[in-house]
Ligand SMILES: [Zn+2]
């Protein structure tokens, strides 16, 4: 049986949240990044593509139609912020450690955003 949630969600949001969780799981199970505590992933209507607050990672519904590789980059980026706050050299090294080959998908994301 399906677990019920507090609030009813549109099927699109629910499907997207499942996809976000699956991709996050793929990144985390590689154990390239050690995470303490339980992370929560939520899909929300926000202006930014993604943001992290404490152990909660919010992904914008705007990213819903992005391909898996791009979504994986967005999640890897937020996960890297668990270790490094600002976009320093060490930050990008951390993103690369979590998701080798992220650059190509970051470029793809920029192309998709410019198309809007
Ligand atoms: Zn960032």
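In the working numbering, the protein residues as written are 17 to 132. Every residue, glycine too, gets a C-beta built ideally from N, C-alpha and C.
Closer than 7 Å to some heavy atom of ligand 1: that does not describe the Cβ of residue 41.
Shown here, residue 118 sits in a helix according to DSSP, grouped into three states. Take residue 94, set aside five residues on each side of it, and the residues of its chain with a beta-carbon closer than 6 Å to its own are 66, 68, 73, in chain order. Beta-bridge pairing by DSSP links residue 72 to 56, 69.
Less than 8 Å separates the beta-carbon of residue 59 from that of residue 33. Not one heavy atom of ligand 1 lies closer than 7 Å to the C-beta of residue 121.
Taking C-beta separations shorter than 7 Å and ignoring five residues to either side along the sequence, residue 109 has no partners in its chain. Assigned with DSSP and collapsed to three states, residue 111 falls in helix. Considering only 40, 52, 46, 27, the residue with the shortest C-alpha distance to residue 99 is 52.
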